[in-house]
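**Q** Using our numbering, the letters of the sequence shown correspond one by one to residues 22 to 351.
From the three backbone atoms N, C-alpha and C, an ideal C-beta is built for every residue, glycine too.
Take a look at this one; I'll ask things after.
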Amino acid sequence: MIKELNNQELDNFLSTQKYSQFLQSSLWSNFQKELGNKVWQIGVEEKKLEASVLVIEKKLPFNLTYLYMPRGPIVSNQAKDKNKSLKLLLKGVRDISIQTEKKAEVFFRFEPLKSFELENIRSVKSVQPSNTLLLDLFKTEEELLTEMHQKTRYNIKLAKRKGVVIEKVNNYLDAIDIFEELIEKTSLRDKFTPHTKDYYRKMLKSMGKNVNLWLAKHDGVVLVANIILNFGDTVTYLHGASSDKHKNLMAPHLLQWEQIKWAKNNGFKIYDFWGISDSDPQWAGFTRFKKGFGGYSKNYPGTFDLVYNQRAYKVYEFTQHLLKIVKNRK
């Protein structure tokens with residue numbers, strides 16, 4: 022049976038699954054609502070909840086939209102028939118499209134956790150990182166340190182010795198301006214487009230205690246600011262920004278280590294570094310940085326589009342192609 026899920030039903034189910042997916046939780050649902058997007062929370066129930074999915078409606082030009090499912094669906098290992106549950110969820114998504122006013126949905130974009138067969142889908146550029154790095158927190162601090170790269174351990178000790186101080190901010194309003202300033206500088210240096218200031222503020226506001234802003238300081242000056250998010254059994258390093266000054270102090274290394282220790286000491290099982298790439302030169306620096314902490318890679322199948330409206334989708338593809346050309350010329 023397909024049913025709509027309230028926040029508590031959704032989160033209770035997700036929290037029982039290993040490597041809890043915050044992108045499928047009510048945290049992300051509430052955040053998307055703050056951004057002005059419509060969301061649906063759907064579950065498959067056979068005596069008990071066996072599967073769930075969070076679907077977000079995203080806007081396109083000409084009053085068209087598409088449906089987006091980040092890192093889902095979630096199907097329990099205890100589900101009697103996983104394929105049946107999966108098909109029911111996909112049917113539920115299709116029903117959303119059909120029932121939407123003016124039937125404006127052009128396609129359904131989804132990021133499955135595992136490979137599965139589905140006809141008439143197209144592989145597209147990933148929205149969320151298709152590869153990430155996970156750290157098991159059941160190990161002792163000594164074991165975690167031993168499994169790090171030798172240079173990473175050295176840099177952690179160096180930062181401590183040089184007087185770098187780590188602070189977990191209790192009220193994000195006290196430091197959001199600093200984060201915004203640093204993320205702007207980081208984006209210019211590393212050549213990426215950051216989210217808007219409104220995006221970061223609404224994230225911190227909507228997720229409450231599940232999201233925290235962390236700072237690394239030296240002599241009262243903030244050198245690094247990170248946003249980390251916790252849900253279920255997992256803590257995720259979601260956004261990071263750093264100063265161009267005092268790089269020799271190795272503040273990012275100590276900040277990550279203190280975040281890892283905090284996650285471990287608060288009972289979380291997994292620390293997710295959120296995105297690595299061995300093939301993209303632009304990712305080389307922070308991939309090397311993250312891998313220095315040990316852990317293991319987690320790879321996803323990718324991002325796919327299931328097209329509902331072929332004609333509108335061709336227009337969408339052409340528009341995206343033109344935007345890419347304009348961006349490359351800048």
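Okay, do the stretch 326-343 and the stretch 284-301 touch, 3+ Cβ pairs below 8 Å being the bar?
**A** Using a Cβ-Cβ distance cut-off of 8 Å, the stretch 326-343 and the stretch 284-301 are not in contact, since fewer than three pairs of beta carbons, one from each stretch, lie closer than that value.
**Q** Assign Ser263 to one of two classes, buried (16 or more other C-beta atoms within 10 Å of its C-beta) or exposed (fewer than that).
**A** Here residue 263 refers to the residue found at position 242 when the sequence shown is read from its first residue. Its Cβ being crowded by 16 or more others within 10 Å, Ser263 is buried.
**Q** What is the rounded straight-line gap between the Cα of Met22 and the Cα of Ser50?
**A** Here the question's residue 22 lines up with position 1 in the sequence shown. Here the question's residue 50 lines up with position 29 in the sequence shown. Using only the alpha carbons, I get a separation of about 22 Å.
**Q** At which residues does the beta strand (DSSP E) containing Met90 begin and terminate?
**A** As a position in the sequence shown, residue 90 is number 69, starting the count at 1. Residues 86-90.
**Q** Measuring CA to CA, which of Phe213, Pro133, Leu270 is closest to Lys181?
**A** Numbered from 1 along the sequence shown, position 160 holds the residue referred to as residue 181. Out of Phe213, Pro133, Leu270, Leu270 has the C-alpha closest to the C-alpha of Lys181.
**Q** How big is the Cα-Cα spacing for Gln99 and Pro150?
**A** Reading the sequence shown from its first residue, position 78 is the one you call residue 99. Reading the sequence shown from its first residue, position 129 is the one you call residue 150. Counting only the Cα atoms, Pro150 lies some 27 Å from Gln99.
**Q** Can you give me the Cβ contacts of Lys218 inside the same chain, cut-off strictly under 6 Å, excluding the 5 residues immediately before and after it?
**A** Position 197 of the sequence shown, counted from the first residue, corresponds to residue 218. Excluding residues within five positions, the ones whose Cβ falls inside 6 Å are Glu201.
**Q** Below 7 Å CB to CB, which residues in the same chain sit around His274 once its five sequence neighbours on both sides are set aside?
**A** For this step, residue 274 is matched to residue 253 along the sequence shown. The residues are Thr173, Asn176, Ile177, Ala180.
**Q** Between which two residues does the alpha helix (DSSP H) holding Ser264 run?
**A** In the sequence shown, counting from the first residue as 1, residue 264 sits at position 243. Taken as a continuous stretch (DSSP letters only), Ser264 belongs to no alpha helix (DSSP H), as it is neither H nor E.
**Q** Would Val96 and Ala72 qualify as a contact pair, given that the criterion is a beta-carbon distance under 9 Å?
**A** The residue labelled residue 96 in the question sits at position 75 within the sequence shown. The residue labelled residue 72 in the question sits at position 51 within the sequence shown. Cβ atoms of Val96 and Ala72: closer than 9 Å.
**Q** Taking the alpha helix (DSSP H) that Lys181 belongs to, which residues open and close that run?
**A** Taking the sequence shown and counting its residues from 1, the one referred to as residue 181 is at position 160. Counting along the chain, the unbroken alpha helix (DSSP H) around Lys181 starts and ends at 171-182.
**Q** Could you compute how far the alpha carbon of Asn192 sits from the alpha carbon of Lys226?
**A** Within the sequence shown, residue 192 is the residue found at index 171, counting from 1. Within the sequence shown, residue 226 is the residue found at index 205, counting from 1. One C-alpha to the other measures close to 10 Å.
**Q** Would you mind stating whether Val186 and Ala237 have Cβ atoms separated by less than 9 Å?
**A** As a first step, residue 186 must be located in the sequence shown, where it is residue number 165. As a first step, residue 237 must be located in the sequence shown, where it is residue number 216. Yes.
**Q** Let me make sure I understand the geometry here. Which of Glu138, Asn84, Gln277, Lys79 has the alpha-carbon closest to that of Gly261?
**A** Taking the sequence shown and counting its residues from 1, one reaches residue 261 at position 240. Here the closest residue by C-alpha is Gln277.
**Q** DSSP three-state call for Ala237: helix, strand or coil?
**A** Taking the first residue of the sequence shown as 1, we reach residue 237 at position 216. It is a strand residue.
**Q** Please report how far the alpha carbon of Trp235 lies from the alpha carbon of Glu140, in whole angstroms.
**A** By 1-based counting over the sequence shown, the position of residue 235 is 214. By 1-based counting over the sequence shown, the position of residue 140 is 119. Computed Cα separation, rounded: 44 Å.
**Q** Strictly under 9 Å for the Cβ-Cβ distance: is Thr161 near chain B by that measure?
**A** Here there is only one protein chain, and chain B is not present.
**Q** In the structure shown, what three-state DSSP assignment does Val336 receive?
**A** For the purposes of this step, residue 336 is taken as residue 315 along the sequence shown, with counting starting at 1. The DSSP-derived three-state label of Val336 is helix.
**Q** To the nearest angstrom, how far is the alpha carbon of Leu250 from that of Ser47?
**A** Mapped onto the sequence shown, residue 250 falls at position 229. Mapped onto the sequence shown, residue 47 falls at position 26. Their backbone Cα atoms lie some 13 Å apart in a straight line.
**Q** At what residues does the beta strand (DSSP E) containing Gly64 begin and finish?
**A** Translated into the one-based positions of the sequence shown, residue 64 becomes position 43. Run containing Gly64: 59-67, per the beta strand (DSSP E) assignment.
**Q** Please say whether Leu134 and Gln42 have beta carbons closer to each other than 9 Å?
**A** Looking up residue 42 in the sequence shown gives position 21. Looking up residue 134 in the sequence shown gives position 113. In contact: Gln42 and Leu134 (Cβ atoms closer than 9 Å).
**Q** For a test of the three-state rule: what should DSSP assign to Glu188, helix, strand or coil?
**A** As a position in the sequence shown, residue 188 is number 167, starting the count at 1. Strand, per DSSP.
**Q** Using the rule of at least 16 other Cβ atoms within 10 Å of the residue's Cβ for burial, across every protein chain shown, is Glu205 buried or exposed?
**A** For the purposes of this step, residue 205 is taken as residue 184 along the sequence shown, with counting starting at 1. Exposed, because fewer than 16 other Cβ atoms sit within 10 Å of the Cβ of Glu205.
**Q** Considering Ser50, what are the terminal residues of the alpha helix (DSSP H) in which it resides?
**A** Walking along the sequence shown from the start, residue 50 turns up at place 29. Unbroken alpha helix (DSSP H) run through Ser50: 47-55.
**Q** Can you tell me which of Gly253, Ala305, Arg130 puts its alpha carbon nearest to the alpha carbon of Lys212?
**A** Stepping through the sequence shown from its first residue, residue 212 is reached at position 191. When only C-alpha atoms are compared, the closest one is Ala305.
**Q** Could you have a look at Ser318 and say whether DSSP puts it in helix, strand or coil?
**A** Indexing the sequence shown from 1 puts residue 318 at position 297. In the structure shown, Ser318 sits in a strand (DSSP, three-state: E or B).
**Q** Can you check DSSP and say which residues form a bridge with Arg143?
**A** Looking up residue 143 in the sequence shown gives position 122. DSSP lists Asp326 as partners of Arg143.
**Q** For a minimum of 3 consecutive residues, which ranges assigned as the beta strand (DSSP E) are wholly contained in the stretch 276-318?
**A** 291-293
**Q** Give the DSSP-derived three-state secondary structure of Leu393 in the structure shown.
**A** Because residue 393 is not part of the residues shown, which for the chain are 22 to 351, the question remains open.
**Q** Figure out for me which residue from Phe294, Phe310, Leu244 has the closest Cα to the Cα of Leu158.
**A** Position 137 of the sequence shown, counted from the start, is the residue given in the question as residue 158. Ranking Phe294, Phe310, Leu244 by Cα distance to Leu158 puts Phe294 first.
**Q** According to DSSP, simplified to helix, strand and coil, what is Ser136?
**A** By 1-based counting over the sequence shown, the position of residue 136 is 115. DSSP, read as helix, strand or coil, puts Ser136 in coil.
**Q** Runs of 3 residues minimum, wholly inside the stretch 200-239: which ones carry the beta strand (DSSP E) assignment?
**A** 232-239
**Q** Applying the 10 Å Cβ sphere with the 16-neighbour rule, what's the burial state of Val242?
**A** Start at 1 with the first residue of the sequence shown, and residue 242 comes out as number 221. Exposed, by the Cβ-count rule.
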